[in-house]
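Asks: Quick one: the structure is below, questions incoming.
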Amino acid sequence: MFKSHKPGPKDVWEGIIEAKSRGMLDGANMYHFVKVRCVDGQIIKVRIDRGLWKSIAVGDRIVKEPGSGPAKA
């Protein structure tokens, strides 16, 4: 089971992208998500911005450091 969330400013994680998805959860806005297998084995589903979503692929490494958004590594 995984949790879907927007990363907080203090969140820290890194991992490999296992899946990409998007959807209109509220019927008006498109939200972009990635399912990430973290280095500790935990699976998380994270909301990311459209630009990053378009630039990554399944198998890419992604990193979230404190004070910044998720980024392709």
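Quick note on numbering: the sequence shown equals residues 9 to 81 in my numbering.
Glycine included, C-beta positions come from ideal geometry on N, C-alpha and C.
Source: prediction; values computed, not measured.
So, for R45: in the same chain, excluding its five sequence neighbours on each side, which residues have a beta-carbon less than 7 Å away from its beta-carbon?
Replies: Here the set comprises G23, I24, E26 and I51.
Asks: From what residue to what residue does the alpha helix (DSSP H) around G35 run?
Replies: Looking at the DSSP string, G35 is not in any alpha helix (DSSP H), and its letter there is neither H nor E.
Asks: Just tell me which of D34, V20, K72 and F41 has its CA closest to the CA of V66.
Replies: Residue F41 is the option with its Cα nearest to V66.
Asks: Give me the DSSP bridge partner(s) of A79.
Replies: V71, per the DSSP bridge assignment.
Asks: Determine the extent of the alpha helix (DSSP H) in which K62 is found, giving its start and end residues.
Replies: First-last of the alpha helix (DSSP H) with K62: R58 to S63.
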